[in-house]
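Undergrad:
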Amino acid sequence: MDKAKANGHAKGKIEGEGSYSATADYNKRQADYLKKGTVDQDAQAAKRAIDSEEAASLKDAEEKGKSRAK
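Residues -11 to 58 in my numbering are what the sequence shown lists, from first letter to last.
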């Protein structure tokens, strides 16, 4: 039996919390985003949004997200 199957990490298997495939996917997406090179542009766009009329809506969404994180 290979190591992935022995650890319950076989492709298509439900992994639950601590999902190795989700971690690998997240890491790949983060690396791809950084390679794209738009971090500064995206940060400036976020700053403009926070300083705009959209700010109240963003704050409400943040509070809603925080309330679910407990």
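Positions of the beta carbon are idealized from the N, C-alpha and C atoms, including for glycine.
Assuming Leu46 and Ala37 form a contact by the criterion Cβ under 8 Å, report the distance between their Cβ atoms to the nearest whole angstrom.
TA: The residue given as residue 46 occupies position 58 in the sequence shown. The residue given as residue 37 occupies position 49 in the sequence shown. At roughly 6 Å, the Cβ-Cβ gap stays under 8 Å, so Leu46 and Ala37 are in contact.
Undergrad: Do you know how far the Cα of Ala44 is from the Cα of Ser9?
TA: As a first step, residue 9 must be located in the sequence shown, where it is residue number 21. As a first step, residue 44 must be located in the sequence shown, where it is residue number 56. Rounded to whole angstroms, Ser9 to Ala44 spans 36 Å at the Cα level.
Undergrad: On the DSSP letters alone, give me the boundaries of the alpha helix (DSSP H) that Thr11 sits inside.
TA: On the sequence shown, position 23 is the one that residue 11 refers to. Tyr8 to Lys24 is the extent of the alpha helix (DSSP H) around Thr11.
Undergrad: Identify whether Lys1 lies in helix, strand or coil by the three-state DSSP scheme.
TA: Against the sequence shown, residue 1 aligns to sequence position 13. In the structure shown, Lys1 adopts coil according to DSSP, grouped into three states.
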